[in-house]
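Chemist:
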Amino acid sequence: MSGRLPLFADPVRLASSRFRGSGTLALAAMARLAPSLYGDNGTVEVALHAAMEQGRAVLHGHLKGRLSLQCQRCMEAVSLEVDHAFSLGVIASEDEIPALPPACEPLLNRGEEIALADVFEDELLLLLPIIPLHEPGACQAALPVGSGVETTEDPEQRKKPFADLKKLLSEGKS
Ligand SMILES: [Zn+2]
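To get our numbering, take the position in the sequence shown, counting from 1, and add 671.
1) Can we count L804 as close to ligand 1, meaning its CB is less than 7 Å from some heavy atom?
2) Do L740 and T714 have their C-beta atoms within less than 8 Å of each other?
3) State the Cα-Cα distance for the pair L676 and A812, rounded to the nearest angstrom.
4) From D793 to G808, what does the alpha carbon distance come to, in whole angstroms?
5) Which class does P682 belong to by DSSP, given the choice of helix, strand or coil?
6) Quick check on the burial criterion: 16 or more other C-beta atoms within 10 angstroms. Buried or exposed for R855?
7) Where does S707 fall in DSSP's three states?
8) Run the proximity test for Q725: is its beta-carbon closer than 7 Å to any non-hydrogen atom belonging to ligand 2?
9) Buried or exposed, going by whether 16 or more other CB atoms sit within 10 Å of the CB of I768?
10) How big is the Cα-Cα spacing for G694 and A770?
11) Taking a contact to mean a Cβ-Cβ separation below 8 Å, would you say V729 touches G760 in this structure?
12) For H756, which residues in the same chain have their Cβ closer than 6 Å to its Cβ, ignoring the five residues on either side in sequence?
13) Consider the C-beta atom of R675 and the heavy atoms of ligand 1; say whether any pair is separated by less than 7 Å.
14) In the DSSP output, what is S758 paired with across the bridge?
15) Quick check on DSSP: helix, strand or coil for S764?
16) In terms of residues, what are the limits of the beta strand (DSSP E) holding E724?
17) Whole angstroms are fine: how far does the CA of A718 sit from the CA of G736?
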């Protein structure tokens, strides 16, 4: 991680000092996220500010960038715009979860230093769609027969992908 963010930090200490910082995270460096990406070139911009709120350490984070995923219908790249803010309330035990403000997700921490890159990676993983797909109309592939989804295309149009497939197969043999 580059920028003005420490690699490791004690979140309560960050909050006490009202830490503010930002940086850049390389997608390829995120070992848990990278396998879900169609291409792991690129970076996401990250920002963090920490504060004590009602006696509790809270980390406010922001992520901005673009992830490239693989459409599971046409197998081509589909991009996911990320512009995501999140808040994490530091708790020492799960008993404290009900006391968190509604906008805060819990961050279990008992004074140990945490890897800030992991915090951002966790948030990115939560943003991934279960099945990445292009928007209807933007996808290269026709809908599978019997999918139950009606299209306005005429049947002649719908046959075209099979012609392309035939062409691809013959090219593959040469
Ligand atoms: Zn697609």
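C-beta atoms are modelled at their ideal positions from N, C-alpha and C, and glycine is treated no differently.
Modeler: Inspection of the coordinates gives the following:
1) yes
2) no
3) 43 Å
4) 31 Å
5) helix
6) Outside the shown range of the chain, which is 672 to 845, sits residue 855, and nothing can be said about it.
7) helix
8) This structure simply doesn't include ligand 2; it includes ligand 1 instead.
9) exposed
10) 31 Å
11) yes
12) Before going on, a small fix: residue 756 reads as Ala here, not His. Cβ within range, chain order: H733.
13) no
14) H731
15) coil
16) 714 to 724
17) 12 Å
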